[in-house]
Every structure is written in structure tokens, then in C-alpha cells.
Amino acid sequence: MDLLRWGRDPWGEWVLTHISWNLFWGSLFAGILFFVAHASYMFLSAHRKRAAAETDALEAKFKSLPAKIPRHSLVARLFHWVMAAAMFVLLFTAFLPIVGVQFPWVTWHWIAGLVLTASILFHIVHATFWLDFWSIWVGPKDIPEFKAEILRELGHEVEGPKPGKYPLGNRLYHLAIVVAGLLVVGTGVFMMSRVRTPLFTRNPYLFRDSTWGLTYVGHGLAGVGLVGLVIAHVYFAVRPEKWWITKSMIFGWITRRQYLEHHEPSRWAVAGGGTSSAKPSQNV
Amino acid sequence: MAVIRDVIPAFELFQPASVDDALRLLDQHGADAWVLAGGLDSMDWLKDRIKRPRYVVDLSQIAELRGIKEANGGLEIGAMTPLTEVVRHPVVRDRFGLLMLAAELVASPQIRNQGTIGGNVTQDTRCWYYRGGWNCYRAGGNTCYADTPTAVNREHAIFDADRCVAVSPSDTAPALVALDAQMVIRGKNGERVVPAEQYFIGPGVDITRMTVIKHGELLTAIRIPATWAGAQFYFEKVRDRQVWDFPLVNVASAIKPDGGNIGSARIVVGAVSCVPRRLANVEAAIAGKPRNEATADMAGKMAVEGAQPLRYNGYKVPLMRNLVKRAIRGSEGGTWTS
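Residue numbers (this note's numbering), protein chains in the order written: chain S, 4 to 287; chain X, -15 to 322.
If you want it as C-alpha cells, here you go:
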């Protein structure tokens, strides 16, 4: 099975041209396989979550917390849904023709790509200057939480730390989306120079053929990677035990009990939380 | 241009006697199979060694694909019917003269004897970068070598270029679109009928194909309805060499008069985009108007609105404008039949 496609440039040199669309099917299959495997595991396993009594005790301790804990600001939610809409348009316009649904897709694709690029740029600025920038990233400090989460998933009662504002899965997913998203928009913006748009004059000579090949391959790899990532994201968004997170992305808040059940108040301090030593975070 | 060599690389030749057998062979050999109709397009590819199929399915022995028969006041033309037979058929000449005019201007008499109407509408583009084996978008690459600042592109598209700027080189295609023909396509899953206007696809939809025909499918027949039979037809083709060449631009029109005015019309221009370009806006604008110089002038101007010429094909804009004007006038520079 070919993974990459090659061609000869006008000087007779072999250069990369595209990824093989076999990789699209691979990513689609991997996404669906993950969904089936995880759903089966969750159905059959005895994963642990914070006990009700423990959450009751926390509620008693953090009585001063508001009933609704702000989780995502309106601006952050708008960004998320605009990005999601752009992502779906991009994926459908890119891959429906591959599966045989043919239509003039290029214009829709680059317009959605520009929307995605603009929303990502906005998000970078917004998150850097107005939000708790580091709350979404993962690093060595998260290794204890990672171990605890794995043990809980395997059915063990562990004392290990709960997540801060974002569950570990969210942060790892965000990291993957950052890599794939930046690669896809970074390459896509350059690829637009080969498409006729009203925005600028075509310039097919921007790169040499081998560089264009790498650009197309990078775009393709990120694109098929996003297929699997989006399947995983949608799957988690609709899982019943995750609805509280999904709802928070719609309404902007979670309940006090959800906050105490799923988060470590010391790692995500909320105004009114009284006993915490951590600085109250802003809403991402 | 690629160097034409003496010997075509070896392939296994099949000459099925029925469409079902041909479809079975195409299904069996998948992308390794090549469909051979009259061979005028295929032999270029094979002799240039740009295409190297392992299996060639020659349709010339399939009797059911040949011949012209009348049906429901219209015609059904087998896809393997030679162009000469189309030109000489009495009903084509009497009632669908537009197709006769177009087919008669295809290449040379020898080529029309060998070339088929199915092959003429389904042939690949003549973009010489693509035909020369360059790894362009249409060939599966990521570059259009004809749409660069220094490319030689005087034959290429002035409309609807979408990464690729190749054009359909067919003369009969605009005539069939103007006649509202239906293309009958058969595959292993059965038969489908596609309007000629939708038979051709541009690079925005699929950059590697010129028509909706997929691997494993065959164009088996072309049905021309009675709708435009006996209308006033006009076909004109401009080419570099009058004796034998592909069109730089061609125009096909069918007009039904209503009193002294134009009742309804279909006007289609070829070789200005990847698909025969139907001028629906012009058709609507001229309906009900007198067939005079003012209407022709308006139609010509409307026809070229939105044209985006490349470096060397700007001449196609006035050429197309004037051809459309002449198609509306009908009496100058071309032939009338009715």
C-alpha cells in the first residue's frame, strides 16, 4: 500500500506530490476503531470517579462557591464553534470528493480555511493575553495526574491529583489539534497562492517543486490526521458522562458539584472558592 | 512534446463482442485497463508511452455500439458510430444539422472515418504539458504548468479554470449540448442517462477527468431528443490550420424563431473552458428579441463577461465574442440549416 505519491518534475527528478488517499481511509478506520474500542472499554470496565460522599464533603467545604461556575467565556465559545464549523466544512470539502461525492469544492475549502486561520490567530492572541494560557498545556508536571488517571481508568481507587481546569485528555487532544491545525493552515495558506482567488495574484513559483511536494504532503498528513482527531472529539462530546463538558461549551458554565467532582480546586481556583490558595483563573 | 517512438509498449488486447463482456473485462482489470474506441486519442497516449496500460479493451467488435436509429422523433446514436456515418446520415442532415456541421469539421476525412462520436466527446484534453507527460494536476501532480507566467497557453481556458486550465477539444460536444442530448452510460451496476451538459466535468469537480465516466463504465449511446429538431442551427469552428486541427474556439447554436423574433435558443461555446460552455445568460437575454445586429452585439458582449485570459490566449475573448455574434446573426460566415 502506497503512503506517499511521487512524480517527476520537469527536470526529471523524483519529487513528492501528495499523500496517498489510502491514508485517509487509514485515519477514518483508526478513528472509528478508537471509538469502538473506547466505547466497549467504557461499557465493560470499572473505571473510577470521585465518590459521591467525597464530593458531598467538598461541597460542604466550598459552600461559598457559586452554583454556576463559569468555564468558557462567550468569546471563547464563539471561537470554538466557528472553528468547529470551519473544520467540518474543510473536512467535508476535502474528503467527500475522495469518497465519490463530487462537487466544486475548492472555493468552499479555501474560504473555510481562511476562516479557520483567522479564528486560530484570534485564539492565539486571545489565549495569550486574556486567558490562563498555560492551563491547556501538558508538561512534566502532569505526570502524576497522568498516572492517577490511568489507574482510575483501570479501576483502581487512587488519591492522585484531579485535573485543573482541563482534564488531561482535553489537554492532550488540544496538543494534537495544535500540531495538526497549525500544519494544515500553515501549508494551506501557501497552497492558496496556486489557486485563483480574488485576494492575491497566483504565484506558482513561490517554491520549487520539491518544496511544494512537501507542502502538499504536510497538508495531506495534517488533513487525514484531523479526520481521526475530529471523530474522537465528536465521540467524546456525545458520550453521556462528558455531556457536562459539552454543555459548558454551549452555555459557558458548569455546576458547583461538577466542578468539585471533576476538578482539583487547588489547581483550578474559582472566585468564591475560599480555601484555595491558587489564583482564580480566567475563563478559557 | 514527447518523442513519439516506433513501438508501443506491449499490452494484452481484448476485443469483446458485447457490452457486457467489455464491462466484465473492465471490472476484472480495473485501473490497468484502457478503453479503445476509434483509437485517435488512445494511440497518441500509447505511442508517446505516457500511458502504459496492461490491458486494452477494444470496442470495435461490439455491433450494438454502432449505428444510428430513430427513436421518439429523435435519434439514438451508438457511441462507436464513426463520425463520417454521423455526417452522412439523412436524418442527422435533415433534422439535426447542427451535429452534422460539427462532426464534419472534426479533423480530416481519414480521421472521421476512423474516429467515433463517443470517442470524440469523451477524448482527453490536448493540453501539451499534460499530453507530454508532465506531472501536472490532471496527471495526479500538484502543478499546472500551463498556468504560469511563462507558459505557452494560447489554446487554454479563459473561463472556469480551477488550478488546471485545459479545455475540451471536442467539436461535437458543444453541438450535443446545444441539442440537449442525453448520454447513455453503462457500468456493472446498470445504466444511467446523463444530460450532455452534465456529462462534462471541470477541474473544480474532478481535476483528473473530463467526463463523468468512471473506471469500469462505458458511454454506449447518445440520444438526441426531438426538442430541437429542425431548429435554425449554426456551427462555426476557428482553428489554426483549416485542413486539420482542434478548435481554438467553436460555437454551436440552435434557435427556434417565434414570429420575427428569437423564440428560444441554446448557445454553446467550445474550447474556452474545460467543459462546453453553455451561455444560459445569453439565451435568456435574446429570447423574444429580433435576430438583428443589436441583439447579436449584446449577446457577444454578454458571452465573454467574466473571461480571465492567460498570458497568450487573450485573443480568445474577441474571438468568442465575434463567434457568438455570428451565431446570433446566423447568416454570415457560417452555414444555416433548418
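Backbone N, C-alpha and C define an ideal beta-carbon position, used for all residues, glycine too. These numbers were taken from a predicted model, which means no experiment stands behind them.
Coarse secondary structure for residue i, derived from DSSP in three states
i      : result
X/N104 : helix
X/V3   : helix
S/E16  : coil
X/A55  : strand
X/K198 : coil
X/S237 : strand
X/I356 : The structure shown does not extend to residue 356 of chain X, since chain X is modelled only from -15 to 322, so the question has no answer here.
S/H83  : helix
X/N245 : strand
X/R110 : coil
X/F80  : coil
X/Y183 : helix
X/I208 : strand
S/R155 : helix
S/Y208 : coil
X/F217 : strand
X/A17  : strand
X/P74  : helix
S/H21  : strand
S/S71  : Looking at the sequence provided, one finds Lys at residue 71 of chain S rather than Ser. Note: S/K71 maps to strand in three-state DSSP.
Test: residue i CB closer than 9 Å to a CB of chain X
i      : result
S/R199 : yes
S/D212 : yes
S/D5   : no
S/Y219 : yes
S/T278 : Low per-residue confidence applies at S/T278: pLDDT is 48, beneath 50, and the placement is therefore not dependable, though the value from the model is reported in the following sentence. Not one chain X Cβ lies under 9 Å of S/T278.
S/F106 : yes
S/W14  : no
S/P207 : yes
9 Å Cβ cutoff met for residue i and residue j
i      : j       : result
S/V233 : S/M90   : yes
X/T109 : X/C258  : yes
X/I169 : X/R176  : yes
X/I191 : X/R147  : yes
S/H236 : S/G167  : no
S/V92  : S/V118  : yes
X/L89  : X/L160  : no
X/V75  : X/L59   : yes
X/A278 : X/I251  : no
X/A271 : X/P209  : no
X/P260 : X/V266  : no
X/A37  : X/F(-2) : The question names Ala, but residue 37 of chain X is Pro in the sequence shown. Taking 9 Å as the Cβ cut-off, X/P37 and X/F(-2) do not qualify as a contacting pair.
S/L26  : S/V227  : yes
X/R79  : X/A213  : yes
S/W108 : S/T96   : yes
X/D256 : X/V136  : It should be noted that the sequence gives Val, not Asp, for residue 256 of chain X. No. Outside cutoff.
Beta carbon proximity, residue i to chain S, threshold 9 Å
i       : result
X/W29   : no
X/C111  : no
X/T65   : no
X/P(-7) : no
X/N173  : no
X/K309  : no
X/Q292  : yes
X/Y129  : yes
X/N297  : no
Where residue i falls, given that 16 or more other Cβ within 10 Å makes a residue buried
i      : result
S/S213 : exposed
S/P147 : exposed
S/H222 : buried
S/Y44  : exposed
X/N173 : exposed
S/P283 : Residue confidence is low: S/P283 scores 46 on pLDDT, short of 50, so the model does not pin down where it sits. Its coordinate-derived value is still stated next. S/P283 is exposed by the Cβ-count criterion.
S/V192 : exposed
S/W215 : buried
X/R225 : exposed
X/N234 : buried
X/V149 : buried
Cross-chain neighbours of residue i in chain B, by beta carbon under 8 Å
i     : result
S/T20 : Among the protein chains in the structure shown, which are S and X, there is no chain B.
*Below 8 Å, can you find three or more Cβ-Cβ pairs linking the region 254 to 274 of chain S to the region 69 to 80 of chain S?*
In short, these stretches touch, since the Cβ pair count reaches three.
*Counting Cβ pairs, one atom from each stretch, are 3 or more of them under 8 Å apart for the region 245 to 256 of chain S and the region 204 to 220 of chain S?*
Short answer: they don't touch.
*Report yes or no: do three or more beta-carbon pairs, one from the region 141 to 156 of chain X and one from the region 285 to 305 of chain X, lie closer than 8 Å?*
Enough Cβ pairs lie closer than 8 Å, so yes.
*Do three or more CB pairs link the region 60 to 68 of chain X to the region 101 to 109 of chain X at distances below 8 Å?*
They touch, by the three-pair rule.
*Kindly confirm or deny that the region 118 to 137 of chain X and the region 240 to 253 of chain X touch, where touching means at least three C-beta pairs closer than 8 Å.*
Short answer: they don't touch.
_Using 8 Å as the cut-off, can you tell me whether the region 170 to 180 of chain S makes contact with the region 224 to 239 of chain S, which would need three or more C-beta pairs spanning the two stretches below that distance?_
With a cut-off of 8 Å, the region 224 to 239 of chain S and the region 170 to 180 of chain S count as touching, because enough Cβ pairs lie within range.
*Do three or more CB pairs link the region 36 to 53 of chain X to the region 221 to 240 of chain X at distances below 8 Å?*
Taking a cut-off of 8 Å on C-beta distances, the region 36 to 53 of chain X does not touch the region 221 to 240 of chain X, as fewer than three cross pairs fall below it.
*Is the region 207 to 221 of chain X touching the region 148 to 167 of chain X, taking contact as three or more C-beta pairs under 8 Å?*
Yes: the two stretches touch, three or more of their Cβ pairs being nearer than 8 Å.
*Specify whether the region 2 to 13 of chain X and the region 195 to 213 of chain X touch according to this definition: at least 3 beta carbon pairs, one from each stretch, less than 8 Å apart.*
Contact check between the region 2 to 13 of chain X and the region 195 to 213 of chain X: three or more CB pairs, one atom from each, fall below 8 Å, which counts as touching.
_the region 54 to 65 of chain S / the region 242 to 250 of chain S touching (three or more Cβ pairs under 8 Å)_ = No, because fewer than three Cβ pairs between the region 54 to 65 of chain S and the region 242 to 250 of chain S fall closer than 8 Å, the two stretches do not touch.
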